[in-house]
Every structure is written in C-alpha cells, then in structure tokens.
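**Student:** Here our numbering is used: the first residue of the sequence shown is 11, the next is one more, and so on. The beta-carbon is built from N, C-alpha and C at its ideal position, and this holds for glycine as well. Every value quoted in this text rests on a predicted model; they were computed, and no experiment measured them. After the structure tokens below, expect a handful of questions from me.
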Amino acid sequence: MQGCDGSMLLEDTTTFQGEKTAPPNLNSLRGFEVIDAIKLELESVFPETVSCADVLAIASRNSVFLVIMLIGKFKWGRKDGLSASKAAATASILGPNSTVAVLATNFQNVGLSLNDVVALSVSGAAVLAVDDDGGGAGKGTPFTFDNQYYVNLMSREGQLPSDQALA
C-alpha cells in the first residue's frame, strides 16, 4: 500500500506477498484479467512504455467517463511500484463499513483531516450513484448532475455504510 503506483497489480513473489489477497481487498478488487489484457495490448503497441500505474489511471478515467460521461485530462508516465505489502494493505485500506472514528483516525495518521475525509467521500459521489450489483439503494442518478446522492444519505439510504456514517 504505497500510493498510486500500481502495486495492487503485483503478484506474490518469494520476497513479498502482494495486496490482492489483503482482507480489505477480498471481494472488493476484481477485474484483474481486464487490466492484464489492456496491459498486454498496450505493451504490443508501446513496448516498455506504459506502466501498470498508467493502465490503472486509463481504466479509472474510462470508468468514470462511462459513468458520468466526462473526460479527464491525465499526464502519463507514473512509475510502477517494485514491491507490495499485504500487511500494509490490511492495516491501511479502510472497509466500506468503517465508522467515522476509524475514518478520522486513519486519515489523521497520514496528515489529513475529517474535512478531507468528507471531501474525498463526496468526490466519489458520481461513481457511487450507480447501483451495479443490486445491493444498494438503487436510487442513483448516474447520468444526471443532481443531489440524489445526498438525498439518499439524508434518508439513510446511502450505499456505503462509511459514507452514511459521515452524514
């Protein structure tokens, strides 16, 4: 868990256990085969140019584009991580059921405030407006810029308990 360096894509080696099987990532991170296919295709056209971190940035951008139909501007050339840590991921990644106290403590541990927690939570509102697995409130409006996310939170129908705890 070293930041936006693509370390979550690294497989276990003899020198480290990767982040894929860290408890907070189980049943959370998925689609590695899609990322692997994208990386393979890009490597065939641009050998040793596009990093795993770049692939994640591309996939993230395209995912957001599909959800809210906006294109972000990204600069390419991030450096890939050279190691990963299951222990660090287990200790650092917060689950969707985290309480306000847990969120605040973990963010404070990296120099961020409760205001930062709220800002980062709200910044994901457009993505969270989609109920893609049938498990959430299903009252999202992913293709409309509105306040439905907040309405859902205020009526105790937020999709993530950690977001609901902040309301």
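1) Counting along the chain, where does the alpha helix (DSSP H) carrying Pro34 start and finish?
2) Who are the near neighbours of Val161 in its chain, counting only those whose CB is closer than 7 Å to its CB and skipping five residues on each side?
3) Would you mind stating whether Thr115 and Ala175 have Cβ atoms separated by less than 8 Å?
4) When every heavy atom of the ligand SAM is checked, does at least one fall within less than 7 Å of the C-beta of Leu20?
5) For Gly28, would you say it is in contact with chain D, using Cβ-to-Cβ distances shorter than 8 Å as the test?
6) Measuring alpha carbon to alpha carbon, tell me which of Thr25, Phe75, Lys89, Pro33 ends up nearest Glu58.
7) Can you list, in chain order, the residues of its chain whose CB lies under 6 Å from that of Val127, leaving out five sequence neighbours each side?
8) Let me check understanding here. Comparing Cα to Cα, which of Tyr159, Ser165, Asp15 lies closest to Leu66?
**Tutor:** Straight from the coordinates:
1) DSSP places Pro34 in no alpha helix (DSSP H); its state is neither H nor E.
2) Once the five neighbours on either side are set aside, Val161 has no close Cβ partner at all.
3) Thr115 is not a Cβ neighbour of Ala175, given a cutoff of 8 Å.
4) This structure simply doesn't include the ligand SAM, nor any ligand for that matter.
5) Going by chain labels, chain D is absent from the structure shown, which holds only one protein chain.
6) Nearest C-alpha to Glu58 among Thr25, Phe75, Lys89, Pro33: Lys89.
7) Excluding sequence neighbours, Val127 sits near Leu113, Phe117.
8) Nearest of Tyr159, Ser165, Asp15 to Leu66, Cα basis: Asp15.
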